[in-house]
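In terms of my numbering, the sequence shown has 835 at position 65, counting the first letter as 1, and numbering is strictly consecutive. This report concerns only the one structure given below.
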Amino acid sequence: VLAISITDDPFVTVPAIERLLSYFASSERTHLRIAPDDIGATQVGHFAFFRSEYEDRLWPIALAWLKHGALTPGTPGRRMTARV
Numbered sequence: 771v772l773a774i775s776i777t778d779d780p781f782v783t784v785p786a787i788e789r790l791l792s793y794f795a796s797s798e799r800t801h802l803r804i805a806p807d808d809i810g811a812t813q814v815g816h817f818a819f820f821r822s823e824y825e826d827r828l829w830p831i832a833l834a835w836l837k838h839g840a841l842t843p844g845t846p847g848r849r850m851t852a853r854v
């Protein structure tokens, strides 16, 4: 399970992600926290992940995870939880 959170998202906080991931206790879990600056943006917020302007910066992260079950080298952001 990969959870991606953005630092300027007021709804998806670190405690919220930790709680969400706790429901998947029997799965490997990874929380990736990305700051807008990590991807060359001034803001991302809650819904912008899905905007086409982030197609080249954010979507490849999720796509790589879906294809390979892992983050690729050079993935922007910071891993907040070890892969448990």
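Backbone N, C-alpha and C fix where the C-beta goes; we use that ideal spot for every residue, glycine too.
Report, in whole angstroms, the separation of the C-beta atoms of R799 and V782, which I expect to be a contact under 8 Å.
That belief does not hold up - the Cβ atoms of R799 and V782 are roughly 15 Å apart, past 8 Å.
With DSSP as the reference, label S775 as helix, strand or coil.
Judged by DSSP in its simplified three-state form, S775 adopts strand.
Rounded C-alpha distance that separates P846 from L833
Going from the Cα of P846 to the Cα of L833 covers about 14 Å.
In whole angstroms, what is the alpha-carbon distance linking V814 and H801?
17 Å
Mind checking S775: buried by the 16 CB within 10 Å criterion, or exposed?
buried
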